[in-house]
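Student: From first to last, the protein sequence lines stand for chains A and B. For the first sequence, our numbering assigns the number 23 to the initial residue and increments by one for each residue that follows. For the second sequence, our numbering assigns the number 187 to the initial residue and increments by one for each residue that follows.
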Amino acid sequence: MTAHADVAAGLAGAGEAPQVDPAEVRRVMEYYAERGWTDGLPVVPVTESYLAEFLAQTDRDPAEVVLSMPHLNRHCTIRLAAINAALAGCRPEYFPVVLAAWESLRKEGMAERGIWQSTTGTAPLLIVNGPIREAIGLNSKGNVFGSGFRANATIGRAIRLTAINAFGLRPHQLDQATQGTPGKYTSCIAENEEDSPWPPLHTNAGLAATDSAVTAMVYRSCIHLEARHTTEPEQLAGDFANTISRTGSLVHQTISALLVLAPEHAHLFARAGWDKADLQRFIYDHAAVGRGTLAAVGKDAVSRRTKWRLPAAHPDAIPDDSEVAAGTGTVRVLNSPAAVQVVVAGANNAGVSAVIETMGQRGRPLYITRIDPAPAPAAPGPAPPAEPG
Amino acid sequence: MLERAGVPTVSICTDSFTVTAQAMAGVYGFPGFEFVTTPHPVASLNEEQIRSRVKDFMPEVLRILGVES
Numbered sequence: 023m024t025a026h027a028d029v030a031a032g033l034a035g036a037g038e039a040p041q042v043d044p045a046e047v048r049r050v051m052e053y054y055a056e057r058g059w060t061d062g063l064p065v066v067p068v069t070e071s072y073l074a075e076f077l078a079q080t081d082r083d084p085a086e087v088v089l090s091m092p093h094l095n096r097h098c099t100i101r102l103a104a105i106n107a108a109l110a111g112c113r114p115e116y117f118p119v120v121l122a123a124w125e126s127l128r129k130e131g132m133a134e135r136g137i138w139q140s141t142t143g144t145a146p147l148l149i150v151n152g153p154i155r156e157a158i159g160l161n162s163k164g165n166v167f168g169s170g171f172r173a174n175a176t177i178g179r180a181i182r183l184t185a186i187n188a189f190g191l192r193p194h195q196l197d198q199a200t201q202g203t204p205g206k207y208t209s210c211i212a213e214n215e216e217d218s219p220w221p222p223l224h225t226n227a228g229l230a231a232t233d234s235a236v237t238a239m240v241y242r243s244c245i246h247l248e249a250r251h252t253t254e255p256e257q258l259a260g261d262f263a264n265t266i267s268r269t270g271s272l273v274h275q276t277i278s279a280l281l282v283l284a285p286e287h288a289h290l291f292a293r294a295g296w297d298k299a300d301l302q303r304f305i306y307d308h309a310a311v312g313r314g315t316l317a318a319v320g321k322d323a324v325s326r327r328t329k330w331r332l333p334a335a336h337p338d339a340i341p342d343d344s345e346v347a348a349g350t351g352t353v354r355v356l357n358s359p360a361a362v363q364v365v366v367a368g369a370n371n372a373g374v375s376a377v378i379e380t381m382g383q384r385g386r387p388l389y390i391t392r393i394d395p396a397p398a399p400a401a402p403g404p405a406p407p408a409e410p411g
Numbered sequence: 187m188l189e190r191a192g193v194p195t196v197s198i199c200t201d202s203f204t205v206t207a208q209a210m211a212g213v214y215g216f217p218g219f220e221f222v223t224t225p226h227p228v229a230s231l232n233e234e235q236i237r238s239r240v241k242d243f244m245p246e247v248l249r250i251l252g253v254e255s
């Protein structure tokens with residue numbers, strides 16, 4: 023039995039395997055790996071003619087800069103973004119999503135200021151809304167954070183490979199992450215708008231539900247929340263508030279979070295008459311921790327200069343100003359209802375949701391970019407550019 | 187940056203950041219820039235421990251500055 027046949031054994035309709043020289047394929051894979059142009063996994067070879075298919079997905083100048091890191095004097099152009107999207111395994115028609123992701127990351131601002139180099143070890147998170155999800159096969163349902171869907175896997179990976187190849191953010195060098203997060207390989211989900219009782223995320227930015235858009239955030243942790251037992255919205259929202267209030271992530275005076283609600287949880291709230299704003303307000307009011315709990319972990323005050331949490335006895339310490347009401351000893355972990363955002367994703371099959379611990383949002387607006395449709399295909403013209411070499 | 191502006195400068199980092207510091211110096215066109223390093227960690231030290239660290243690395247700071255004793 024051939025290797026192809028082994029792989030295909032469990033797959034109905036696997037079809038005829040392409041006839042290629044596997045030694046050549048491995049040689050190309052090794053070439054890219056030896057140059058450090060990968061995240062550790064094999065990448066797709068990119069030629070000028072293949073790159074042209076990506077660049078044909080936009081009217082923008084290939085030399086236009088999509089994101090800069092001034093402190094490194096490095097800039098990512100449309101062309102570099104396209105090369106890395108191709109390396110990541112994107113199909114050309116995914117490229118407008120990648121470009122919208124870069125625009126949202128630019129507007130969000132933390133990447134340009136160097137967060138991707140930080141010891142905290144964050145990853146970008148992309149959330150896609152609108153008809154593009156269906157058009158390119160982005161998963162919004164079961165296993166939404168997991169593997170198995172090319173568009174999710176490769177669009178998120180395109181951002182990581184660009185960080186490595188265009189900005190030089192290699193681990194142990196300019197990427198100083200103490201541990202990083204598995205999300206650094208790829209983090210791209212789509213909202214399950216079809217199973218959501220509420221308006222989709224991108225309508226927050228004034229976009230129409232019929233638009234397609236990418237929202238970008240920065241996060242470190244994705245915490246699972248399981249609650250299959252309750253039908254009370256206050257109990258379920260309290261469970262989310264309790265999860266958000268853990269001290270480990272409370273680096274600054276307050277934090278921010280994204281609730282990724284399974285459809286079952288979203289419908290529980292909706293049935294009780296809650297909209298997203300009701301849920302945000304409840305979480306804001308209940309995501310709190312006692313002063314004694316903070317003191318026990320040495321986070322009961324903040325630094326005068328950085329507002330990072332410190333023990334009250336530290337010479338730089340000043341009191342925080344986030345008590346629910348002065349003198350109550352109950353300290354809020356969110357600075358506003360907008361510091362917790364809500365999206366619906368996953369299968370409609372269980373009370374299993376997630377809390378994403380986002381960095382830097384803390385009540386700021388969401389960074390959402392409409393996806394520009396690809397330009398109409400040009401009339402047959404000159405032959406495509408020759409491949410290098 | 188200060189060095190480029192003509193201000194004699196010594197950069198101090200923990201030993202954990204030596205490779206990154208060298209990479210950043212390369213980005214800024216200063217390959218081989220000399221850093222003073224002190225053992226990691228620093229963030230959790232108290233005032234007395236910080237003073238002791240400074241005493242330990244001051245001779246190295248003065249050497250890089252070219253101060254003659």
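The beta-carbon is built from N, C-alpha and C at its ideal position, and this holds for glycine as well.
Would B:Glu189 count as contacting chain A if we go by Cβ distances under 8 angstroms?
Tutor: As a working note, residue 189 of chain B is residue 3 in the second sequence. Closer than 8 angstroms: no.
Student: Please confirm if the region 68–83 of chain A is in contact with the region 180–194 of chain A, defined as three or more CB-CB distances below 8 angstroms between the two stretches.
Tutor: Output reads no: the region 180–194 of chain A does not touch the region 68–83 of chain A.
Student: Sort A:Ala259, A:Ile154 and A:Leu89 by Cα distance to A:Trp138 and report the nearest one.
Tutor: Along the first sequence, read from residue 1 onward, the residue named residue 138 of chain A stands at position 116. Closest option to A:Trp138, Cα to Cα, is A:Leu89.
Student: Starting from the Cα of A:Cys112, find the closest Cα among A:Tyr53, A:Leu127 and A:Arg172 and give me that residue.
Tutor: Start at 1 with the first residue of the first sequence, and residue 112 of chain A comes out as number 90. Selected option, being the one with the closest Cα: A:Arg172.
Student: Identify the continuous alpha helix (DSSP H) that holds A:Ala175 and give its terminal residues.
Tutor: In the first sequence, the residue the question calls residue 175 of chain A occupies position 153. Note, A:Ala175: alpha helix (DSSP H), Arg172 to Asn187.
Student: Use the C-beta contact count for A:Thr350: other C-beta atoms within 10 angstroms, 16 or more gives buried, fewer gives exposed.
Tutor: Looking up residue 350 of chain A in the first sequence gives position 328. A:Thr350 is exposed by the Cβ-count criterion.
Student: When DSSP labels each residue in this structure, what does A:Tyr54 get in the three-state scheme?
Tutor: On the first sequence, residue 54 of chain A is found 32 positions in, with the first residue counted as 1. Three-state DSSP puts A:Tyr54 in a helix.
Student: If we ignore side chains and look at the alpha-carbon of each, how far apart do A:Ala398 and A:Arg82 end up?
Tutor: As a position in the first sequence, residue 398 of chain A is number 376, starting the count at 1. As a position in the first sequence, residue 82 of chain A is number 60, starting the count at 1. Spanning the two alpha carbons is a distance of roughly 14 angstroms.
Student: If you drop the 5 nearest sequence neighbours on each side, which residues of the same chain put their C-beta closer than 6 angstroms to that of A:Ala309?
Tutor: By 1-based counting over the first sequence, the position of residue 309 of chain A is 287. Closer than 6 angstroms at the Cβ level, and outside the excluded window around A:Ala309, lie Ala263, Ile266, Ser267, Val355 and Leu356.
Student: Please report the Cβ distance between A:Leu94 and A:Phe189, rounded to the nearest whole angstrom; I am assuming they are in contact, meaning their Cβ atoms lie under 8 angstroms.
Tutor: Within the first sequence, residue 94 of chain A is the residue found at index 72, counting from 1. Within the first sequence, residue 189 of chain A is the residue found at index 167, counting from 1. That belief holds up - the Cβ atoms of A:Leu94 and A:Phe189 are roughly 6 angstroms apart, short of 8 angstroms.
Student: Given that a residue counts as buried once 16 or more other Cβ atoms are within 10 Å of its Cβ, and exposed if not, what is A:Gln363?
Tutor: By 1-based counting over the first sequence, the position of residue 363 of chain A is 341. So A:Gln363 counts as buried.
Student: Using 8 angstroms as the threshold, is the region 206–222 of chain A in touch with the region 97–105 of chain A, meaning 3 or more CB pairs across them?
Tutor: At 8 angstroms Cβ cutoff, the stretches do not touch.
Student: Here's the rule I'm using: 16 or more other beta-carbon atoms within 10 Å means buried, otherwise exposed. How should A:His251 be labelled?
Tutor: Here residue 251 of chain A corresponds to residue number 229 of the first sequence, with the count starting at 1. With fewer than 16 Cβ atoms within 10 Å of its Cβ, A:His251 is classed as exposed.
Student: Hey, does A:His194 have any beta-carbon neighbour from chain E nearer than 8 angstroms?
Tutor: The question asks about chain E, but that chain is absent: this structure's protein chains are A and B.
Student: From this set, A:Thr184, A:Ile340, A:Val120 and A:Gln275, which residue's C-alpha is nearest A:Trp59's C-alpha?
Tutor: Within the first sequence, the letter at position 37 stands for residue 59 of chain A. Nearest of A:Thr184, A:Ile340, A:Val120 and A:Gln275 to A:Trp59, Cα basis: A:Thr184.
Student: Step through the CB atoms of chain A and report whether any lies within less than 8 angstroms of the CB of B:Ser197.
Tutor: In the second sequence, counting from the first residue as 1, residue 197 of chain B sits at position 11. Judged by the 8 angstroms Cβ criterion, B:Ser197 is not in contact with chain A.
Student: So with Cβ pairs under 8 angstroms, would you call A:Pro333 a contact of chain B?
Tutor: Your numbering for residue 333 of chain A matches position 311 in the first sequence. It does not; no Cβ of chain B falls within 8 angstroms.
Student: Does A:Val88 come out as helix, strand or coil in the three-state DSSP assignment?
Tutor: Residue mapping note: residue 88 of chain A aligns to position 66 of the first sequence, counting from 1. A:Val88: strand per DSSP, three-state reduction.
Student: Looking at the secondary structure, which residues open and close the beta strand (DSSP E) in which A:Ser325 lies?
Tutor: Within the first sequence, residue 325 of chain A is the residue found at index 303, counting from 1. Its beta strand (DSSP E) spans residues Ala323 to Ser325.
Student: From the DSSP output, in three-state form, read off B:Thr200 for me.
Tutor: Locating residue 200 of chain B in the second sequence gives position 14, where the first residue counts as 1. B:Thr200 falls in the strand class under three-state DSSP.
Student: Just curious, the beta strand (DSSP E) that A:Val365 is in, first and last residue?
Tutor: Taking the first sequence and counting its residues from 1, one reaches residue 365 of chain A at position 343. Where A:Val365 is concerned, the enclosing beta strand (DSSP E) stretches over Val362 to Val366.
Student: Starting from the beta carbon of B:Val205, find every residue of chain A whose beta carbon is closer than 8 angstroms, and list them in chain order.
Tutor: As a first step, residue 205 of chain B must be located in the second sequence, where it is residue number 19. Per Cβ cutoff of 8 angstroms: His194 and Gln195.
Student: With respect to 7 angstroms, is the separation between the Cβ of A:Arg326 and the closest non-hydrogen atom of the ligand ZN below this value?
Tutor: You won't find the ligand ZN in this model; it holds no ligand whatsoever.
Student: Of all the beta strand (DSSP E) runs that stay within the bounds of the region 220–295 of chain A, which reach a length of 3 or more residues?
Tutor: Listed in chain order, they are 235–248 and 278–283.
Student: Near A:Ala145, which residues of its chain fall below 7 angstroms by C-beta distance, leaving aside the five closest residues on each side in sequence?
Tutor: Here residue 145 of chain A refers to the residue found at position 123 when the first sequence is read from its first residue. Answer for A:Ala145: Thr203, Gly205, Lys206, Ser209 and Tyr241, listed in chain order.
Student: Going by alpha carbons, who is nearest to A:Arg326 out of A:Gln275, A:Gly170 and A:Gly136?
Tutor: Start at 1 with the first residue of the first sequence, and residue 326 of chain A comes out as number 304. That would be A:Gln275, whose Cα lies nearest to the Cα of A:Arg326.
Student: For A:Leu89, which residues in chain B fall below 7 angstroms Cβ to Cβ?
Tutor: Translated into the one-based positions of the first sequence, residue 89 of chain A becomes position 67. What A:Leu89 touches in chain B: nothing, since even the nearest Cβ is about 17 angstroms away.
Student: Are the CB atoms of A:Arg331 and A:Val324 within a distance shorter than 8 angstroms?
Tutor: Here the question's residue 324 of chain A lines up with position 302 in the first sequence. Here the question's residue 331 of chain A lines up with position 309 in the first sequence. Yes, the pair counts as a contact, with Cβ atoms nearer than the cut-off.
Student: So, does the CB of B:Ala211 fall closer than 8 angstroms to a CB anywhere in chain A?
Tutor: In the second sequence, the residue the question calls residue 211 of chain B occupies position 25. For B:Ala211, the answer is no, since every Cβ of chain A falls outside 8 angstroms of its Cβ.
Student: Excluding sequence positions up to five away, which residues of its chain have a Cβ less than 6 angstroms from the Cβ of A:Pro40?
Tutor: The residue you call residue 40 of chain A lines up with position 18 of the first sequence. For A:Pro40, where only same-chain residues beyond five positions count, there are no Cβ hits under 6 angstroms.
Student: Give me the subset of the region 335–351 of chain A whose CB atoms are less than 8 angstroms from a CB atom of chain B, sorted by chain position.
Tutor: Result list: Pro337.
Student: Can you pull out the residues from the region 212–240 of chain B whose beta carbon lies closer than 7 angstroms to at least one beta carbon of chain A?
Tutor: For the region 212–240 of chain B, which is checked against every Cβ of chain A, the residues closer than 7 angstroms are Val213 and Glu233.
Student: Using 8 angstroms as the threshold, is the C-beta distance between B:Thr206 and B:Pro225 below it?
Tutor: Translated into positions along the second sequence, residue 206 of chain B becomes position 20. Translated into positions along the second sequence, residue 225 of chain B becomes position 39. No; because the gap between Cβ atoms is not below 8 angstroms, this pair is not in contact.
Student: Nearest-angstrom Cα distance between A:Tyr306 and A:Val47?
Tutor: Numbered from its first residue, the first sequence carries residue 306 of chain A at position 284. Numbered from its first residue, the first sequence carries residue 47 of chain A at position 25. Cα-Cα distance, rounded: 54 angstroms.
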